[in-house]
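Beneath this line is the structure, given in structure tokens, with notes to follow.
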Amino acid sequence: MSNKLPDVEEILEGAVKKHGLAVVPLLQEIQEHFRYLPEEVLRKLSQKTGIPLIEIYHAATFYNSLYLTPRAKHQINICTGTTCHIRGSGKLIEEVFQVLGIGPGETTSDGNFTLETVNCLGCCAVAPAMVVDGKYYGNLTPGDVREILNKIMEKAAVEE
Ligand code: FES
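Counting in the numbering used here, the sequence shown runs from 845 upward without gaps.
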């Protein structure tokens, strides 16, 4: 990924062309560019489209997948639902702490990883499970977690 900041006007122009006045798709597209929904961009979106800012914020706070604060590059969600808990999700969380030094709700100081827990990922048959950047992993051991995180870090190092 380039370090160049995205051009807000260009992004809003493209998003409105594509999604019209559909608030949620507009916000999803904005978030793809910034990894969250910066306040100044939401204000510009409101000015550009005439959609009241309150309506934009209502959508932004209603959906769990929309974020008003900066997110890490890589999002780790470990399931701590009953099945995953019984099958050892606590050990997976400990392993993330060993590898990255973060616990649930924390982000690494370089902004690369955020760890969050969820109640059920809907794939209890392969518990314990986690999702990293939208990709599902099941039947995990702490060793698997370490391997997955190391691969992501190696790939990021090569791309830099
Ligand atoms: S309890 Fe973890 S996937 Fe359902």
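Just so you know, even glycine gets a beta-carbon here, dropped at the ideal spot from N, CA and C.
- Three or more beta-carbon pairs separated by less than 8 Å link the region 985-999 to the region 935-944, which places the two stretches in contact.
- For residue 961, same chain residues with a beta-carbon under 6 Å away, outside a window of 5 residues either side, are 922, 924 and 948 in chain order.
- Every beta strand (DSSP E) of 3 residues or more that sits fully in the region 946-975 is shown, in chain order, as 957-962.
- Per DSSP, the unbroken beta strand (DSSP E) holding residue 920 starts and ends at 918-923.
- Residue 914 and residue 927 have their C-alpha atoms spaced approximately 31 Å apart.
- Its Cα nearest to that of residue 884, the residue 853 stands out among 1003, 853, 920 and 902.
- The beta carbon of residue 892 sits closer than 6 Å to those of 856, all from its chain and outside the five residues before and after it, given in chain order.
- C-alpha of residue 955 to C-alpha of residue 1000: approximately 13 Å in a straight line.
- In this structure, 951 is the residue among 951, 969 and 973 with its C-alpha nearest to the C-alpha of residue 918.
- Fewer than three beta-carbon pairs drawn from the region 960-977 and the region 902-910 are found closer than 8 Å, and the two stretches are therefore not classed as touching.
- In this structure, residue 985 has its CB at a distance of at least 6 Å from all heavy atoms of ligand 1.
- Within the model, the alpha-carbon separation for residue 909 versus residue 862 is close to 20 Å.
- Every unbroken stretch of the alpha helix (DSSP H) spanning 4 or more residues and falling wholly within the region 872-926 is given here in chain order: 883-893 and 897-906.
- Contact check for residue 978 against residue 970 fails: the beta carbons are separated by 7 Å or more.
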